Amino acid sequence: MEEFFKSEEEFVEFVKKFEIPHPYIRVGIGDDTLILEIDKKILALTTDSYSEDIHFRRKYLSLKEIAFRCTAGALSDLAACGAKPITLLVSLLIPEDFTKKEIEEFYTGIMEITKFFGISPSGGDLIKVKNKFSFTITAMGEIDDYPILRKGARENDLVCITGDTGRVLASLEILEKNLNVNENIKNKLIQKFKFPKPKIAEIIELKEKIKINSGIDISDGIAKDAGRIAESSKVKIIIEEEKLPFSKELLEYTMTFQKNITHYLLNSGEEYEILFTISESEKNKLPEWVKIIGKVQSGEGLFLKDKN
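Per the numbering used here: the sequence shown = residues 389 to 696.
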């Protein structure tokens, strides 16, 4: 049997073979978004597909919650490159027994998050299928000055993050295994899982004060996504374990179940925080909610400096 692609990166390299240059395409395959430049206007496009029982489970997420968190994922890609959202396209592949009420609930979830950014869906497609529910969200945004890319990290840069990680992975464990967790802790952990907040306003605010050299959103975990910046920028990134931010709820959860908190901080995906690098000279301009978690050196690869 012929072997399939081993990773997303391998598939991206495969697709690049079919790429044809176009004067409007400034950054093509391989980053968080497609960057277009048309008449000096810079636009960002990103698309994500989601399938039931692969990317979400309806046994513990309502259609409204599914729509909210998946739309957040698309908008987070725009945040990663420093774009302001313009609109969305939503294409649905719905089972034959789906009702109008269920579709309305799904769109209500989209509008629950897009209202914060003053946008709404402007089109898409609808297809009835015999298999499970799936959909694709395409987001479009506008960039005022420069796009933030994965490949801009430079030697001596500081590695920064917009917030804590780990809560999403903990939430999945709690829901999948039906763990007996203190109700207050459980609710606070699951809140970020169900209703993540794309860091669009935060990154736009930062760009007004600080030159961001590279960036990516945390969709697959720090361990993978920081590695993507390192690979794209052809540098070495060192993450310092002691500097990784975490919530008190995650700490209590990992202590209760005797789990290694660092595993959650590095490997929790769909967090939709932004990981980025800046020059050390910009350090004093950072707001308190940004945490410095590492540094960039010459070389290659991703490394963890542990507590010892």
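Glycine included, each C-beta is placed from N, C-alpha and C at the ideal position.
Note that this is a predicted model, so its numbers are computed, not measured.
Other residues of its chain near residue i: CB distance less than 6 Å, five sequence neighbours each side excluded
{"i": "E630", "result": "K695"}
{"i": "R414", "result": "I423, E425"}
{"i": "V623", "result": "A541, V684"}
{"i": "T642", "result": "I649"}
{"i": "G700", "result": "The question about residue 700 has no answer, for the chain in this structure spans 389 to 696."}
{"i": "F691", "result": "I626"}
{"i": "K693", "result": "I626, E628"}
{"i": "I588", "result": "A467"}
{"i": "A472", "result": "Sequence inspection shows Lys at residue 472; the Ala mentioned does not correspond to that position. Around K472: G529, E530."}
8 Å CB neighbourhood of residue i in its chain, flanking five on each side removed
{"i": "S510", "result": "T475, L476, L477"}
{"i": "F402", "result": "F393"}
{"i": "L560", "result": "F581"}
{"i": "L573", "result": "Here the sequence assigns Ile to residue 573, which means Leu is not the residue at that position. Counting only Cβ-Cβ distances below 8 Å, and skipping sequence neighbours, we find E637, E640, Y641."}
Host alpha helix (DSSP H) of residue i (start-end)
{"i": "E590", "result": "588-597"}
{"i": "S621", "result": "610-621"}
{"i": "N572", "result": "571-582"}
{"i": "S559", "result": "555-565"}
{"i": "T524", "result": "Segment 522-531 is the beta strand (DSSP E) holding T524; no alpha helix (DSSP H) there."}
{"i": "V415", "result": "Not the alpha helix (DSSP H): V415 falls in the beta strand (DSSP E), residues 413-415."}
Residues near residue i by beta carbon distance below 7 Å, same chain, minus five either side
{"i": "D441", "result": "K520"}
{"i": "I591", "result": "A467, G470, I662"}
{"i": "G416", "result": "E407, L422"}
{"i": "A558", "result": "L577, L638, Y641, Y652"}
{"i": "V569", "result": "I562, Y641"}
From the options, residue whose alpha carbon lies closest to that of residue i
{"i": "Y660", "options": "F456, V569, L674", "result": "F456"}
{"i": "I515", "options": "F504, G529, L480, T502", "result": "L480"}
{"i": "D605", "options": "L557, N572, P586", "result": "P586"}
{"i": "L653", "options": "Y448, I610, S667", "result": "I610"}
{"i": "K432", "options": "F444, K452, S464", "result": "Reading the sequence as shown, one finds Ala at residue 432 and not Lys. Taking only the C-alpha atoms, the option nearest A432 is S464."}
{"i": "S602", "options": "K612, R616, E596", "result": "R616"}
{"i": "V556", "options": "E658, Y448, F399", "result": "E658"}
{"i": "S667", "options": "K599, E493, G529, S621", "result": "K599"}
{"i": "A462", "options": "D613, T434, K447", "result": "T434"}
{"i": "K582", "options": "E398, F444, E593", "result": "F444"}
{"i": "Y495", "options": "E484, V517, I525", "result": "I525"}
{"i": "V517", "options": "M528, K489, K539, D485", "result": "D485"}
{"i": "V400", "options": "F645, L632, D419, Y412", "result": "D419"}
{"i": "I482", "options": "Y438, S508, Y448, A614", "result": "Y438"}
Span of the beta strand (DSSP E) around residue i
{"i": "I606", "result": "First-last for I606: undefined, no H or E at that position."}
{"i": "I501", "result": "Careful: I501 lies outside any beta strand (DSSP E), inside the alpha helix (DSSP H) at 488-502."}
{"i": "S726", "result": "Outside the displayed span of the chain (389 to 696) sits residue 726, for which this structure offers no information."}
{"i": "I474", "result": "472-483"}
{"i": "V678", "result": "Here V678 belongs to no beta strand (DSSP E), and DSSP marks it neither H nor E."}
{"i": "K405", "result": "Segment: none, K405 is in no beta strand (DSSP E) and carries neither H nor E."}
- Message: Measuring CB atoms only, is the region 572-579 touching the region 633-644, in the sense that at least three cross pairs come out at less than 8 Å?
- Response: Inter-segment contact for the region 572-579 and the region 633-644 is present: three or more beta-carbon pairs are separated by less than 8 Å.
- Message: For the pair the region 422-430 and the region 538-553, tell me if three or more CB-CB distances fall below 8 Å.
- Response: Taking 8 Å as the limit for Cβ pairs, the verdict is that the region 538-553 does not touch the region 422-430.
- Query: When the Cβ atoms of the region 679-688 are set against those of the region 533-549, are three or more pairs found closer than 8 Å?
  - Reply: Yes, since at least three Cβ pairs between the region 679-688 and the region 533-549 fall closer than 8 Å, the two stretches touch.
- Using 8 Å as the threshold, is the region 499-507 in touch with the region 449-463, meaning 3 or more CB pairs across them? Taking a contact to require three or more Cβ pairs closer than 8 Å, the region 499-507 and the region 449-463 qualify as touching.
- Does the region 530-538 touch the region 667-674, meaning 3 or more C-beta pairs lie closer than 8 Å? Verdict: no, contact absent.
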